[in-house]
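In what follows, a single structure is set out as structure tokens and then discussed.
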DNA sequence: GGGAATCAGTTGCAGATTGCAACTGAGAAT
DNA sequence: ATTCTCAGTTGCAATCTGCAACTGATTCCC
């Protein structure tokens with residue numbers, strides 16, 4: 005699964021990882037999102053639970069809103085309060101968060117983290133995030149290969 | 005899929021996302037890893053293809069090695085050269101990279117990125133990274149719920 | 001109605017991090 | 001012997017981060 009060097013520069017411009025990191029790649033962004041996924045909505049909640057500096061939090065929330073990952077909704081019943089909610093774009097980051105979490109669980113903390121995401125119907129934990137083929141079968145690394153898009157069939 | 009506030013502080017200590025970000029959460033780390041996944045191995049390759057400052061690259065590579073994500077292997081045939089290779093721990097980050105890439109592709113760049121990861125046998129692209137149940141069935145957000153670990157069955 | 005508390009920030013400032021450009025030093029190529 | 005390549009390091013300016021204190025608009029409580 006290796007490429008030659010010539011294609012790399014072109015690749016950087018095309019690759020969406022760089023683009024994604026512009027939105028969510030800053031120091032606290034992932035932890036803010038993790039909080040949001042677990043239901044945090046308000047400035048003071050994020051601040052006190054994450055222990056992040058207030059100016060940084062203010063800045064990161066603004067940037068996440070700017071990038072359409074969170075939306076800022078003033079609370080009509082209390083005009084001081086503002087709710088930050090995940091947009092659909094933000095909710096779609098769940099696989100990223102879960103992959104990262106499972107990796108950390110496996111290789112660093114060892115300790116299984118809490119809470120656990122389960123299938124609401126069966127109450128069984130979700131499967132580990134893994135690379136799968138179009139039919140949902142898990143693929144090992146040996147079964148994978150990088151292919152230039154132009155070489156794809158129809 | 006929401007939690008009460010009291011458990012959040014405890015959660016931060018337990019959650020492995022924070023731990024994972026200690027290893028790979030810095031500005032350039034993901035892009036370095038992306039390069040490594042596509043076969044980059046040498047300092048000058050990373051530097052020229054990513055356009056990263058040399059001192060920062062030096063520092064990031066050292067930290068990734070320190071964290072066991074890359075391993076540093078002096079080349080026996082040319083004693084100037086050093087190869088940086090993904091360890092098993094590093095290779096296990098593939099789901100994170102792919103999730104992030106697919107997200108960027110869907111929500112930001114729109115343009116499908118290159119190269120494509122395919123099943124070597126069938127030459128068909130891998131499936132999108134998604135949350136699945138233990139049997140491999142894709143789960144929608146409505147089917148998901150956060151559960152305290154203590155409430156899990158057996 | 002008046003004072004205290006809460007919420008979502010902003011400001012000032014010190015220290016850490018990043019980025020650029022130039023330099024180094026070992027080894028390889030000619 | 002000289003030049004070139006590789007993997008860094010160094011010095012310095014600019015940016016970013018983090019802490020603590022402050023603001024300004026509500027809302028709560030009596």
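Chains as they are written, first to last, in our numbering: chain A, 5 to 158; chain B, 5 to 158. Where is the CB? At the ideal position from N, CA and C, for every residue including glycine.
DSSP beta-bridge partners of residue 78 of chain B:
Partner residues in the beta bridge of residue 78 of chain B, as assigned by DSSP, are B/86.
Could you compute how far the alpha carbon of residue 125 of chain A sits from the alpha carbon of residue 50 of chain B?
Approximately 47 Å, taken between the alpha carbons.
Flag this pair as yes or no: are the beta carbons of residue 99 of chain A and residue 109 of chain A separated by less than 8 Å?
Taking 8 Å as the cut-off, the beta carbon of residue 99 of chain A is found no closer than this to the beta carbon of residue 109 of chain A.
What did DSSP end up calling residue 145 of chain B once you bin it into helix, strand or coil?
Correct three-state label for residue 145 of chain B: helix.
Taking 8 Å as the CB-CB limit, is residue 145 of chain A close to chain B?
With its beta carbon less than 8 Å from one in chain B, residue 145 of chain A belongs to the interface.
Got a sec: is the Cβ-Cβ distance from residue 38 of chain A to anything in chain B below 8 Å?
By this cut-off, residue 38 of chain A is an interface position.
I want to see whether chain A comes within less than 8 Å of residue 29 of chain B, judged by CB atoms only; does it?
At least one beta carbon of chain A lies nearer than 8 Å to the beta carbon of residue 29 of chain B.
Segment contact flag, the region 60-74 of chain B with the region 25-42 of chain B, C-beta cutoff 8 Å, min 3 pairs
Taking 8 Å as the limit for Cβ pairs, the verdict is that the region 25-42 of chain B does touch the region 60-74 of chain B.
Taking only three categories from DSSP, how would you classify residue 150 of chain B?
Correct three-state label for residue 150 of chain B: strand.
Out of B/85, B/93, B/136 and B/55, which one is the CA nearest neighbour of residue 72 of chain B?
Ranked by Cα distance from residue 72 of chain B, the first of B/85, B/93, B/136 and B/55 is B/93.
Is residue 21 of chain B near the ligand NAP, in the sense that its beta carbon is under 7 Å from a heavy atom of that ligand?
Annotation note on the ligand NAP: not contained in the displayed structure, which lists no ligands.
Have a look at residue 47 of chain B and residue 137 of chain A and give me their C-alpha separation to the nearest angstrom.
Between the C-alpha atoms of residue 47 of chain B and residue 137 of chain A there is a straight-line separation of about 33 Å.
What residue range is occupied by the uninterrupted alpha helix (DSSP H) comprising residue 92 of chain A?
Note, residue 92 of chain A: alpha helix (DSSP H), 92-95.
Please check if any C-beta of chain A sits within less than 8 Å of the C-beta of residue 42 of chain B.
By this cut-off, residue 42 of chain B is an interface position.
Out of curiosity, what's the CA-to-CA distance linking residue 90 of chain A and residue 85 of chain B?
Near 46 Å, if we compare the C-alpha coordinates of residue 85 of chain B and residue 90 of chain A.
Got a sec, what are the start and stop residues for the alpha helix (DSSP H) residue 156 of chain B sits in?
For residue 156 of chain B, there is no enclosing alpha helix (DSSP H), as DSSP marks it with neither H nor E.
Through-space distance from residue 157 of chain A to residue 70 of chain A, alpha-carbon basis:
Approximately 38 Å, taken between the alpha carbons.
I'd like the span of the beta strand (DSSP E) that includes residue 122 of chain A, first residue to last.
Note, residue 122 of chain A: beta strand (DSSP E), 120-123.
Going by DSSP, what residues sit across from residue 116 of chain A in a beta bridge?
Per DSSP, none; premise fails for residue 116 of chain A.
Residue burial classification, residue 78 of chain A (beta-carbon count within 10 angstroms, cutoff 16)
Burial call: exposed.
At a CB distance below 8 Å, what residues from the region 110-123 of chain B approach chain A? Give them in sequence order.
Answer in chain order: 110, 111, 112, 113, 115, 116, 117, 118, 119, 120, 121, 122 and 123.
Per DSSP, which residues does residue 136 of chain B bridge with? Please list them.
B/142.
How many angstroms separate the CA atom of residue 144 of chain B from the CA atom of residue 129 of chain B?
Roughly 22 Å between the two C-alpha positions.
Tell me which residues share the same chain as residue 75 of chain A and place their Cβ nearer than 6 Å to its Cβ, disregarding the 5 neighbours each side in the sequence.
Excluding positions up to five away in sequence, the list reads 89 and 91.
Going along chain B, which residues have a C-beta under 7 Å from residue 149 of chain A?
Near residue 149 of chain A (Cβ distances below 7 Å), the residues of chain B are 122 and 124.
Need the endpoints of the alpha helix (DSSP H) that residue 99 of chain A sits in, please.
Segment 98-108, the alpha helix (DSSP H) holding residue 99 of chain A.
So which of A/153, A/155 and A/134 has the shortest CA-CA distance to residue 102 of chain A?
Looking at the Cα atoms, A/134 is the closest of the given residues.
Residue 31 of chain A and residue 120 of chain B: beta carbons closer than 8 Å?
In this structure, residue 120 of chain B does not lie closer than 8 Å to residue 31 of chain A by Cβ.
Would you say residue 127 of chain A lies against chain B (beta-carbon separation less than 8 Å)?
Interface residue, yes.
Report back the beta-carbon spacing between residue 131 of chain A and residue 140 of chain B to the nearest angstrom; my notes put them in contact at under 8 Å.
Confirmed, Cβ separation roughly 6 Å.
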